[in-house]
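I have placed the structure first, in the form of structure tokens, so that the comments after it can refer back to it.
Residue numbers (this note's numbering): 59 to 459.
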């Protein structure tokens, strides 16, 4: 029996996280008390009213069968998504043709690639970026080219820097703000530039927007669909995972250009039967969560952010408080590689942060800390890091608080 991996899997880039997981597992097997600040998985529970809605819906035998509408999703859920976009972004989307429930935005990303990209099509992927964008494009047979996100540009894509030879060939380009891993937030003006680029080059614009509600200091994260003409060229992937602490529920949405949404729907019709009906019912309730509940959670992340930023600054890292997401994207001193810092941090403190190289070549020189661990554990991690002091950055004196 030939058990060789498929050419699709062989085409995927080396997965840095395999090595990270191996080293973390070794530390735990050695009996060390590892504090994992690498996962973007909220520790705060799903709001109780959402859980209650799930329990009630799960008792209804209607939801024990294939969900109504299969891959199209419940009409009530599509309408709730449309209403949420109207409230949150002042954007009108048709629940019949421009909204599609997903099993999380990661699934939608893969189905977009499989339904829209042909082998040999060019996909423009930001670097650094969530690795699933590149992986999905490669699995579809597309050619991937990277577009750098640079600190001097606020980690925003500089569309004018993309060579015309690539811009006119591109079938799709990805953007994601508030950004994982850099925590940058984009303005509506940036989105207008992105839409203009897509119109000018005939490129499909894919916006991944699961962190839209996680911002600080009065910063508001817009949707690309708020730009006039965006629905002609753009599709937005979104999720209830981050805003409503529902990562395990796998509930999300694709919204925007009706032709692209239809292609994703066609892929889903041939690969899954849709999202569990009870989860869809509970997701409707989640989208109606009072604003004060979300604000309280943002305050938790803000306090954690400020604690982490202050501690990292005292160790010598020139960290800027991020305006969005629940990540701190910390620059490393010149000459310190992200994998070396990850290794030293794990060895000296048993704290895990993700090396920037895991997000692409332009992520080198940075490390990502997640704020999604309980306060007591976060405080313990920062105490360990501050106690380690110079051993984490040998040859680089710590800064004053």
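Glycine included, every Cβ here is placed at the ideal spot set by N, Cα and C.
Problem set entry | residue 232 beta carbon less than 8 Å from that of residue 183 | yes
Exercise. In terms of residues, what are the limits of the alpha helix (DSSP H) holding residue 356?
Worked result: It spans 349-373 - the alpha helix (DSSP H) in which residue 356 sits, taken as one unbroken run.
Exercise. Nearest to residue 396 by alpha carbon, out of 379, 386, 416?
Worked result: 416
Exercise. By DSSP, does residue 146 sit in helix, in strand, or in coil?
Worked result: helix
Exercise. If you drop the 5 nearest sequence neighbours on each side, which residues of the same chain put their C-beta closer than 8 Å to that of residue 208?
Worked result: 216, 420.
Exercise. Shortest alpha-carbon distance to residue 403 belongs to which of 93, 349, 68?
Worked result: 93
Exercise. DSSP on residue 119, reduced to helix/strand/coil?
Worked result: Helix at residue 119.
For this session: Specify whether the segment 218-226 and the segment 191-201 touch according to this definition: at least 3 beta carbon pairs, one from each stretch, less than 8 Å apart.
Result: no
Exercise. How long is the line joining the alpha carbons of residue 166 and residue 106, rounded to whole angstroms?
Worked result: 27 Å
Problem set entry | Beta-carbon proximity list for residue 327, same chain, < 8 Å, skipping 5 on both sides | 128, 129
Exercise. Measuring CB to CB, does residue 426 end up less than 8 Å from residue 159?
Worked result: no
Problem set entry | Nearest-angstrom Cα separation, counted from residue 429 out to residue 451 | Roughly 22 Å between the two C-alpha positions.
Problem set entry | Beta-carbon proximity of residue 340 to residue 115, cut-off 8 Å | yes
Exercise. How would you call residue 76, buried or exposed, if buried means at least 16 neighbouring beta carbons within 10 angstroms?
Worked result: exposed
Exercise. On the three-pair Cβ rule with 8 Å, is the segment 291-299 touching the segment 311-318?
Worked result: yes
For this session: Would you identify the three-state DSSP class for residue 164, choosing helix, strand or coil?
Result: helix
Problem set entry | Euclidean distance between Cα positions of residue 122 and residue 342 | 18 Å
For this session: Rounded to whole angstroms, what's the CA-CA distance from residue 203 to residue 71? Just pull it up for me.
Result: 13 Å
For this session: For my contact list, residue 206 and residue 185 are in at a C-beta cut-off of 8 Å; report their separation, rounded to the angstrom.
Result: Yes, residue 206 and residue 185 are in contact; Cβ-Cβ is about 6 Å, under 8 Å.
Problem set entry | C-beta contact flag for residue 282 and residue 265 at 8 Å | yes
For this session: On the DSSP bridge assignment, give the partners of residue 382 in chain order.
Result: Bridge partners of residue 382: 273.
Problem set entry | Three-state secondary structure assigned by DSSP to residue 135 | helix
Problem set entry | Boundaries of the alpha helix (DSSP H) in which residue 35 is found, first to last residue | Past the edges of the chain, shown from 59 to 459, lies residue 35, and the structure says nothing about it.
Exercise. Using 8 Å as the limit for Cβ to Cβ distance, is residue 246 near chain C?
Worked result: Absent from the structure is chain C; it holds one protein chain and no more.
For this session: Find the nearest neighbour of residue 234 within the set 195, 187, 352, judged by alpha-carbon distance.
Result: Residue 234 has its Cα closest to that of 187, out of 195, 187, 352.
For this session: Tell me whether residue 424 is buried or exposed, calling it buried when 16 or more other Cβ atoms sit within 10 Å of its Cβ.
Result: Classification for residue 424: buried.
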